[in-house]
Structure formats: C-alpha cells, structure tokens
Amino acid sequence: MKFIKSHIGSLLMLTIFVVLLTVVVQYLKPDWVHSSVWQIIIFYFGLMLVSGQLIQFLLKQSRENSVAILMGATIIRFLASLIFIAICLFTEIDNKILFFADFFIIYLLYLLFDIYSLIANLRPHSK
-9 MKFIKSHIGS
1 LLMLTIFVVL
11 LTVVVQYLKP
21 DWVHSSVWQI
31 IIFYFGLMLV
41 SGQLIQFLLK
51 QSRENSVAIL
61 MGATIIRFLA
71 SLIFIAICLF
81 TEIDNKILFF
91 ADFFIIYLLY
101 LLFDIYSLIA
111 NLRPHSK
C-alpha cells in the first residue's frame, strides 16, 4: 500500500490507466488515436518520473524553497513538452492535428496527476 502512495507507484498507476484508456479508444474508435501516441505516453512517463524524483531530492535539501522548486519543475515540464511537440510537429509526421489533440489530452491527464499530487502533499502541511 505504501508503494501505491509513493510518487513512482501513483505514476505507474496513472500510466497504466492512460495505456488502458488508449487501448480502449484505439479499439472503439481507431481513427481518434495517432500512431505516435505511445511515444507521447513514454515521454510523459519519463518526464514525470525524472522531474518527480528531482523534486523529492530538492525538497529534502531545502524545505523552505518548496514553492520555487515546485513551480520551477512545472515550468521545466511545460518547456520540455513544448520542445517535444515542436520536434514532432516539424518532422514529417502524418495527421498533425490528431497528433496535437492526442498530445494535449495526455498532457492534461498528467497535469491533473501533477496537481493532485501537489495538493495531496500540501494537505498534511496545512494542519
């Protein structure tokens, strides 16, 4: 139970949910899912894993800079997402609108995870 509440455990649970959701949508409406959707999921899993571990390391070093650390990590994730989408869109990729739509949906799912984990971590400190 402790593993599921950890950052890596909850990130794995979210990624499994996103993969299952993608498989279901791909089965029901195959024209809604871009062929590069698996690259997007792997990118976000890796980005959230690395940034989450970096946040945990930096928060252990300095608790008083927690707001700056969390906001900096959010900005770095956003910039990494922009760079990833720019690279993918400027290469020869088919159906760019569908790629961007899939990217945006997955981005929002991982952003919701980020907001939820932030609120869950701040809740014990508010008491």
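Per this note's numbering, the sequence shown runs over residues -9 to 117.
We put the beta carbon where it would ideally sit given N, CA and C, even for glycine.
Fair warning: this is a prediction, and the values are worked out from it, not measured in the lab.
With the rule of 3 Cβ pairs closer than 8 Å, the segment 6 to 17 does not count as touching the segment 38 to 47. Rounded to the nearest angstrom, the gap between the Cα atoms of D92 and H24 is 7 Å. When secondary structure is reduced to three states using DSSP, D21 falls in the helix class.
In terms of CA proximity to Q43, L1 leads the group T5, I77 and L1. The Cβ atoms of F89 and L99 lie no closer than 9 Å to each other.
Proximity to L10 across E82, A76, I(-2) and V27 peaks at V27, based on C-alpha coordinates.
Cβ-Cβ distances below 6 Å link F74 to F33 in the same chain, with the five nearest sequence neighbours on each side left out; the list follows chain order.
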